[in-house]
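In this note's numbering, the protein residues as written are 109 to 762. Structure record follows, encoded as structure tokens.
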């Protein structure tokens with residue numbers, strides 16, 4: 109009968125489904141390495157934390173790619189405190205902070221400013237920017253971002269829409285059925301799919317970031333006309349993704365602030381079309397350039413207009429027109445031509461004007477707070493056109509550029525009152541652009557110098573030189589060698605930070621060392637050792653109040669660290685906190701071991717003696733100082749204290 113036929117047809121299908129489901133759950137249970145979770149649980153100093161999984165982006169790229177972009181492994185509390193304000197910064201390499209690796213970026217500077225302005229709040233700023241990703245990735249990641257309970261999402265997106273995952277390189281079917289991209293990403297989260305990829309697809313080559321060109325990898329050197337079906341599809345997908353993200357966060361009552369993106373308009377286009385009627389376009393352009401160099405700008409411009417009449421979208425022609433108009437101080441015309449040059453660059457590594465128009469339109473239609481980084485850079489740039497004074501290359505800002513964008517977000521956050529009431533009068537002003545006050549590590553600046561030198565020496569850059577910020581100052585050959593080792597992945601980032609900071613302390617540059625320790629604390633406030641080291645250098649600088657603050661934080665995270673107890677105890681004596689010092693030294697005496705030098709115990713007893721002496725308990729003080737000198741007879745501070753105690757005992761004050 110018909111029912112029997114349906115039944116016997118359905119049974120095999122149901123059986124296969126059951127087997128697949130069972131296989132999936134079995135793999136998840138027994139083969140954990142097949143899964144790539146968004147966050148990873150960890151514990152530091154007894155605090156339960158979550159850490160962004162730096163490998164999470166693997167699902168968005170083909171398994172065989174030589175170079176896989178990574179997320180920053182940001183740390184945050186598993187359980188939010190009542191006064192925690194958690195910000196997620198979402199974007200591409202410019203949000204990540206390329207070429208910087210630590211705090212000289214939008215999230216790091218914004219976090220520093222908010223902690224300065226709102227010291228009563230527990231500010232967490234998570235950097236979810238990454239190189240080579242686009243709105244396809246961000247829209248898919250949004251569901252996981254909701255799981256970590258953000259109080260605010262900041263978005264800076266638009267540069268990678270053409271060359272990011274499933275942009276211009278999307279499959280034939282995905283170009284016609286866009287929902288297949290979302291389905292593909294969901295399927296790649298399955299352990300079964302991960303297992304099949306491992307079996308069927310050859311392993312990745314073991315190239316590092318310095319041996320392979322990420323720009324070439326993501327673009328595959330595809331040249332794209334702005335007036336093409338591919339471009340129209342990219343713009344449609346971008347608008348849909350932006351709406352999808354915005355509506356999802358709005359549905360869950362998570363505020364957003366969105367910025368358009370900004371580019372270096374002084375940067376020449378990477379690639380241009382040939383011109384109809386000109387067998388060698390370079391000769392035609394060189395002729396115009398020659399006229400312009402001879403001071404015949406108007407004649408050169410007329411020649412360019414003649415060339416342009418054959419193709420008004422040629423990037424190289426528009427770029428030269430813009431440069432001539434800039435020399436003639438016709439700023440509106442210069443901007444017009446330079447924007448055309450950027451938009452019609454056939455290698456689309458910079459967002460087009462239309463991309464920014466879509467961003468503004470979506471924000472306007474969905475009532476999303478919007479800020480304009482592009483307008484900001486226009487207003488603060490030389491001649492009113494964003495150029496090399498704020499950019500390293502075609503789109504990555506300098507540290508000063510990132511500072512300005514961070515402050516743009518900051519102003520909107522305070523205007524909207526998202527963190528709380530307005531900062532008090534004593535903290536009303538944001539921190540100035542200064543590496544010391546912002547806590548920017550020297551290694552971060554040195555790494556940026558090395559990174560940009562390497563990047564701009566490869567395809568598609570030609571004859572483009574960058575000026576190093578710190579690596580050309582002959583600061584110290586040892587520090588520069590450490591930076592080189594870190595950049596070549598021969599030394600870890602944390603080790604490099606510590607070694608450069610120790611080196612600058614040895615060179616009597618405590619402020620440079622302090623900025624590094626501060627950056628380490630800002631990045632990982634749960635590391636007791638960074639707090640301890642920062643306390644040491646602040647103490648040496650005479651900033652005892654902040655030194656005590658970091659020593660105490662270090663002890664909260666690791667209460668049995670002997671040297672924090674000793675150094676904090678000595679500082680508490682100097683500050684007149686004698687009971688606190690006695691408690692610390694008593695605890696330290698229990699921790700000191702016989703394997704440590706006798707001078708360690710002698711120092712503790714010296715501090716204990718000083719605390720008792722200041723309280724007027726001279727018998728206890730003398731007993732402690734005698735024991736200290738018994739361990740270290742040549743210990744000069746103890747000998748001096750013993751002499752003072754004996755003198756005071758012999759001549760008691762009435």
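Glycine included, each C-beta is placed from N, C-alpha and C at the ideal position. Only a predicted model underlies this, so the values are computations on that prediction, with no experimental measurement involved.
Query	Result
Nearest to residue 606 (by Cα), restricted to the options 596, 627, 616	627
Euclidean distance between Cα positions of residue 704 and residue 697	12 Å
For residue 245, the nearest candidate out of 362, 179, 285 (CA to CA)	179
Counterpart residues of residue 348 in DSSP-defined beta bridges	Beta-bridge pairing links residue 348 to no other residue.
Residues bridged to residue 368 [DSSP beta-bridge criterion]	480
Every unbroken alpha helix (DSSP H) within the segment 621-685, with a cutoff of 4 residues, ordered by chain	636-648, 652-665, 670-682
Length of the line joining the Cα atoms of residue 731 and residue 651	32 Å
Whole-angstrom distance between residue 611 and residue 250, CA atom to CA atom	42 Å
Completely contained beta strand (DSSP E) runs for the segment 455-523, where each covers 3 or more residues	478-480
Range of the contiguous beta strand (DSSP E) that encloses residue 152	147-152
Own chain, CB closer than 8 Å to residue 734, minus 5 neighbours either side, in chain order	750
Three-state secondary structure (DSSP) of residue 289	helix
Contact test: residue 418 Cβ vs the ligand GTP heavy atom, cutoff 7 Å	Annotation note on the ligand GTP: not contained in the displayed structure, which lists no ligands.
Cut-off 6 Å between Cβ atoms - residues of its own chain near residue 434, not counting five sequence neighbours on either side	442
Buried/exposed call for residue 565, threshold 16 Cβ in 10 Å	exposed
C-beta contact flag for residue 185 and residue 165 at 8 Å	no
Whether residue 175 touches residue 322 by CB criterion (8 Å)	yes
Cross-strand partners of residue 605 (DSSP beta bridge)	Residue 605 is not bridged to any residue.
Opening and closing residue of the beta strand (DSSP E) in which residue 764 lies	For residue 764 there is no data in the structure shown, the boundaries of the chain being 109 and 762.
Cβ-Cβ separation, residue 667 to residue 640 (assumed contact under 8 Å), whole Å	Not confirmed; about 12 Å, so no contact.
Local conformation of residue 704 per DSSP, three classes	coil
Pair within 8 Å by beta-carbon distance, residue 215 and residue 372	no
Identified DSSP bridge partners for residue 195	233, 260
Any 3 or more C-beta pairs closer than 8 Å across the segment 406-420 and the segment 588-597	no
Range of the contiguous beta strand (DSSP E) that encloses residue 160	155-160
Residue 318 versus residue 446: straight-line alpha-carbon distance, rounded	The pLDDT assigned to residue 318 is 42, lower than 50, so where the model puts this residue is not dependable; a value taken from the coordinates is nonetheless given after this. Going by the C-alpha atoms only, they are around 31 Å apart.
Residues bridged to residue 183 (per DSSP)	159
Contacting residues, own chain, Cβ-Cβ under 7 Å from residue 491 (five flanking each side not counted)	434, 439
Other residues of its chain near residue 644: CB distance less than 7 Å, five sequence neighbours each side excluded	675
Burial state of residue 748 (16 or more Cβ within 10 Å)	exposed
Chain-order list of residues whose beta-carbon lies under 6 Å from that of residue 296 (same chain, five-residue window excluded)	167
Contacts around residue 689, its chain only, beta-carbon distance under 7 Å, and the 5 residues preceding and following it disregarded	677, 680, 681, 715, 719
CA nearest to the CA of residue 479, picked from 191, 265, 253	265
Residues near residue 209 by beta carbon distance below 7 Å, same chain, minus five either side	552, 555, 601
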